[in-house]
Amino acid sequence: MATASGAITTFSIFRNPRFRLMWSAQLISTIGDSLIDIAAAILVYRITGSALAVGFVLMATAAPSLVLGLFAGVFVDRYDRKTIMIVCDVLRGLFVLTIPFLISFGIIWIYLAVAVISAIGTFFGPAHASVLPDIASDEELAAANSMLSISGFGSTALGFAAGGLIASGASIEWAFYINAATFFVSAILLSRIDIPKVSVEAATSSQSVLRNLGAGLGYLWERDVLRSFLLVSVGVAVAFGLHNSLLLPFAVTALNASEWVFGVQEALTSVAFVIAALLMATRADRLREGQWLTISLIGMGAIGIAYAFTTTVPWAIALIMISGFLNAPMSIAGRLIIQRQTTREIRGRVSSTFSVASNSFFLIGMVLVGLADFFDIRFVYLATALVTLALGVAAGIMPGLGQPAAEWRRSVKLLRGAAAAPGLQGTRGATLADFDALAGHLPVIARLTPAEQRELASQTLVADAPIGTVIVRRGEASDAGYFVIEGRAVAGWGDRPLETLNAGDFFGEIAALTGVPRTADVVAEEATRVLQVPAGVLRRMAANPDLNRLFLSRMTERMMRMDMVDLPQRPGLGAEALRELRSDDPASAPSTEPDLPAGGAPA
28 MATASGAITT FSIFRNPRFR LMWSAQLIST IGDSLIDIAA AILVYRITGS
78 ALAVGFVLMA TAAPSLVLGL FAGVFVDRYD RKTIMIVCDV LRGLFVLTIP
128 FLISFGIIWI YLAVAVISAI GTFFGPAHAS VLPDIASDEE LAAANSMLSI
178 SGFGSTALGF AAGGLIASGA SIEWAFYINA ATFFVSAILL SRIDIPKVSV
228 EAATSSQSVL RNLGAGLGYL WERDVLRSFL LVSVGVAVAF GLHNSLLLPF
278 AVTALNASEW VFGVQEALTS VAFVIAALLM ATRADRLREG QWLTISLIGM
328 GAIGIAYAFT TTVPWAIALI MISGFLNAPM SIAGRLIIQR QTTREIRGRV
378 SSTFSVASNS FFLIGMVLVG LADFFDIRFV YLATALVTLA LGVAAGIMPG
428 LGQPAAEWRR SVKLLRGAAA APGLQGTRGA TLADFDALAG HLPVIARLTP
478 AEQRELASQT LVADAPIGTV IVRRGEASDA GYFVIEGRAV AGWGDRPLET
528 LNAGDFFGEI AALTGVPRTA DVVAEEATRV LQVPAGVLRR MAANPDLNRL
578 FLSRMTERMM RMDMVDLPQR PGLGAEALRE LRSDDPASAP STEPDLPAGG
628 APA
């Protein structure tokens, strides 16, 4: 488990002119997305004075992404991505221009325009994600994804602040005119990028989406940790939806603040989230995921109670920033739960199922904001905070989430004792039965021909590792990669467990393919059987397109985990999660983690 020496640095990706254009286009268009979100909410609240009306605006923004997002990729996979992105930007710009003229015809037209703009955006996202591998090399992908995430965060914060400023200091219509201009500029930039056309992916189908969602739900419901996390996640999603919809009316009515203050508050919440996420990059493994969930939710609930009673704007902004800061550990812990509690062949489907469930309940929370039209808004916000607090308490006692501290202590004990623990004692030649067992957890192996499997079996070894056995040691020379046939192991060093490896997972591939020393110990947490693949054989395996894609996706995933953090996203499903749902063989696609609803934390 090592990074390649001489790896592409984060900022060197900007030497790629096509990426510079793509990055600039996303930066500009995301500012436009944020502008329309906040400007439409402010406009509707000015007209109606209703919290429920604001909730409907947010629903019009989020619902098309959730519904159409599942199937838009089926269209994207069949047509030219560059054309789709340009057409989407132009159409979004044109529809945004209509909003100032639709105001006089009634508020329903604003909802419809926002929904149409959001629906068009669901086609842009998958197309944008699909062209990145054609623009950046395999070595540049981690840096490219990192910089795209950073630009997405920065432009969102800028868009929120700019929207509030425009609404307070100028005519609200200017926010929509500027928004339209950002989409047109993005289209111009995209038109200058040379993107090769790709062939149709025959495996893509709407039936695959529903089938893979069902498989993910079935898998997670059978496991305590995942089932408990799902139940907590849907509760949090309702709180997020209600909380996000309450922020604007709360700022205006309870705090007597300007719309500019609301925009600044939203922007600073995102800044606080990212600061915490950067800190979590080196501290996430000091506690187990269930503990981070409990700390985050109880902390956000407590801060939310204080926020419900605050009367001054500076104190309110400070509290909401703290809440945004506390949101990051929960978000990162959720991703780690998926990574560590699922096997490779089901991971993407499970994470996508979480995304669909949480975003569906997010919409329910938006509807509940109508309570603020009948009850005191401070009371409704207080209820949201108490629910968040209760979810934190529940996370601390629910099966799997409240109990993994013992597992974490066991993992730490094994890693601390790795220096004196025995290594693998013996190996035997691999058999076709071993490959059959591995194929049950890693379907890409099953697609190898019998002749290919026999050839690999003659060149690979199998080792059995009792509990506590060190499979690979940190700092040792790298001459082989390993596939877990059965059992479970932990990777890390000292008191820092980095990753749980289940059947179907593999490790050591980066070090074996690059020749650098291993950077982590891997210790068997239970009786584990591994397939040992010499570096030369691993390189020949990488010549197989399916295996090469699998290796690259895993290497990129690990490098991204070391080089970047997950940043706030808008409600909806991640593009890679959607791509995996559309695949008839999700195991061969890059794995993803669930996208929790975006915006301010449910304080």
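Residue numbers (this note's numbering): 28 to 630. Ideal Cβ placement from N, Cα and C applies to all residues, glycine included.
In whole angstroms, give me the CA-to-CA distance for A538 and Q292. Locating residue 538 in the sequence shown gives position 511, counting from the first residue. Locating residue 292 in the sequence shown gives position 265, counting from the first residue. In a straight line, the C-alpha of A538 is about 45 Å away from that of Q292.
According to DSSP, F510 sits in a beta bridge with which residue or residues? To locate residue 510, count along the sequence shown from 1; it is residue 483. Partner(s): F533, L558.
Measuring CA to CA, which of D60, W50, I69 is closest to P276? Mapped onto the sequence shown, residue 276 falls at position 249. Nearest option by C-alpha distance: I69.
Can you tell me which residues form a DSSP beta bridge with P524? Residue numbering aside, residue 524 sits at position 497 when the sequence shown is read from its first letter. BP columns for P524 point to G519.
Using a Cβ-Cβ cutoff of less than 6 Å, which residues in the same chain neighbour G268 once the five nearest sequence positions on both sides are dropped? Stepping through the sequence shown from its first residue, residue 268 is reached at position 241. F389, G392, M393, listed in sequence order.
Spatial neighbours of R250 within its chain, please: CB distance less than 8 Å, with the 5 preceding and 5 following residues excluded, ordered by chain position. On the sequence shown, position 223 is the one that residue 250 refers to. Q368, G427, listed in sequence order.
Can you tell me whether Q452 is buried or exposed? The criterion is at least 16 other CB atoms within 10 Å of its CB, across all chains shown. Along the sequence shown, read from residue 1 onward, the residue named residue 452 stands at position 425. So Q452 counts as exposed.
I need the straight-line Cα distance from L139 to A242, nearest angstrom please. The residue you call residue 139 lines up with position 112 of the sequence shown. The residue you call residue 242 lines up with position 215 of the sequence shown. Each residue's Cα considered, the two are about 34 Å apart.
For S39, name the three-state secondary structure that DSSP assigns. Within the sequence shown, the letter at position 12 stands for residue 39. Reduced to three states, the DSSP call for S39 is helix.
Between the Cα of Y509 and the Cα atoms of L282, P544, R556, which residue gives the shortest distance? The residue labelled residue 509 in the question sits at position 482 within the sequence shown. Residue R556 is the option with its Cα nearest to Y509.
By Cβ distance below 6 Å, which residues in the same chain neighbour W201 in space, the five residues on each side in sequence not counted? On the sequence shown, residue 201 is found 174 positions in, with the first residue counted as 1. I193, listed in sequence order.
Alpha carbon of A66 to alpha carbon of L79, nearest angstrom: For this step, residue 66 is matched to residue 39 along the sequence shown. For this step, residue 79 is matched to residue 52 along the sequence shown. Computed Cα separation, rounded: 16 Å.
Close Cβ partners of A90 (< 8 Å) along its chain, the five nearest in sequence each way excluded: Taking the sequence shown and counting its residues from 1, the one referred to as residue 90 is at position 63. Excluding its 5 nearest sequence neighbours in each direction, A90 has C-beta neighbours in its own chain below 8 Å: A142, S145, L390, listed in chain order.
Rounded to the nearest angstrom, what separates R47 and V259 at their Cα positions? By one-based count along the sequence shown, residue 47 stands at place 20. By one-based count along the sequence shown, residue 259 stands at place 232. In a straight line, the C-alpha of R47 is about 40 Å away from that of V259.
Could you have a look at S618 and say whether DSSP puts it in helix, strand or coil? On the sequence shown, residue 618 is found 591 positions in, with the first residue counted as 1. At S618 the pLDDT is 41, less than 50, meaning the model places this residue with poor confidence; the figure from the coordinates comes in the next sentence. S618 falls in the coil class under three-state DSSP.
Counting along the chain, where does the alpha helix (DSSP H) carrying V261 start and finish? For the purposes of this step, residue 261 is identified with residue 234 of the sequence shown, where counting begins at 1. First-last of the alpha helix (DSSP H) with V261: 251 to 276.
Pair every Cβ in the stretch 469 to 485 with every Cβ in the stretch 520 to 529, then say whether three or more of these pairs are closer than 8 Å. Cβ pair count under 8 Å is below three, so no.
As assigned by DSSP and simplified to three states, the class of R119: By 1-based counting over the sequence shown, the position of residue 119 is 92. The answer is helix: DSSP assigns R119 an H, G or I state.
Can you name the residues that DSSP bridges to D491? Taking the sequence shown and counting its residues from 1, the one referred to as residue 491 is at position 464. Paired residue(s): R556.
Return yes when the Cβ of V252 is within less than 9 Å of the Cβ of I325, no when it is not. The residue labelled residue 325 in the question sits at position 298 within the sequence shown. The residue labelled residue 252 in the question sits at position 225 within the sequence shown. Going by C-beta atoms, I325 is not nearer than 9 Å to V252.
Could you give the distance in angstroms between the alpha-carbon of G120 and the alpha-carbon of A421? Mapped onto the sequence shown, residue 120 falls at position 93. Mapped onto the sequence shown, residue 421 falls at position 394. Looking at the two C-alpha atoms, the distance is approximately 45 Å.
Cβ pair count under 8 Å reaching 3, the stretch 447 to 464 against the stretch 486 to 495: yes
Considering Cα atoms alone, identify which of R566, T487, F132, E513 is closest to A554. Residue mapping note: residue 554 aligns to position 527 of the sequence shown, counting from 1. The residue with the shortest Cα to Cα distance from A554 is E513.
Based on the DSSP output, what are the partners of G450 in its beta bridges? Here residue 450 refers to the residue found at position 423 of the sequence shown. According to DSSP, G450 bridges with V497.
Go through its chain and collect everything with a Cβ distance to A266's Cβ below 6 Å, but skip five positions before and after it. Numbered from its first residue, the sequence shown carries residue 266 at position 239. For A266, where only same-chain residues beyond five positions count, the Cβ hits under 6 Å are T411, V414, T415, P629.
Taking all protein chains shown into account, decide if D463 is buried (16 or more other Cβ within 10 angstroms of its Cβ) or exposed. One-based indexing of the sequence shown puts residue 463 at position 436. Exposed.
Could you give the DSSP three-state label for R455: helix, strand or coil? Counting from 1 along the sequence shown, the entry for residue 455 is found at position 428. Correct three-state label for R455: strand.
Kindly list the residues whose CB is nearer than 7 Å to the CB of F187, restricted to its own chain and excluding five residues on each side of it in sequence; keep chain order. Sequence index remark: in the sequence shown, residue 187 carries index 160 (1-based). Taken in chain order, the residues that qualify are S61, I65, G290, E293, A294.
Neighbour-count burial assignment, G152, 16 or more Cβ in a 10 Å radius: Indexing the sequence shown from 1 puts residue 152 at position 125. Looking at its Cβ environment, which holds 16 or more other Cβ atoms inside 10 Å, G152 is buried.
Looking only at C-alpha atoms, which of A87, W342, W319, G133 sits nearest to L418? Numbered from its first residue, the sequence shown carries residue 418 at position 391. Per the Cα distances, W319.
Identity of the residues DSSP links to L551 by a beta bridge: Counted from its first residue, the sequence shown places residue 551 at position 524. Before going further, note that residue 551 is Ala rather than Leu in the sequence given. BP columns for A551 point to A516.
Using 8 Å as the threshold, is the stretch 562 to 576 in touch with the stretch 543 to 551, meaning 3 or more CB pairs across them? no
DSSP on E479, reduced to helix/strand/coil? Locating residue 479 in the sequence shown gives position 452, where the first residue counts as 1. It is helical.
Residue range of the alpha helix (DSSP H) that includes R405: Residue 405 sits at position 378 when you count from the first residue of the sequence shown. Where R405 is concerned, the enclosing alpha helix (DSSP H) starts and stops at 404 to 424.
Cβ-Cβ distance between A516 and A460 below 9 Å: To locate residue 516, count along the sequence shown from 1; it is residue 489. To locate residue 460, count along the sequence shown from 1; it is residue 433. Contact flag unset, no.
Measuring only the C-alpha atoms, how far is I74 from I134? Counting from 1 along the sequence shown, the entry for residue 74 is found at position 47. Counting from 1 along the sequence shown, the entry for residue 134 is found at position 107. Those two C-alpha atoms are separated by around 8 Å.
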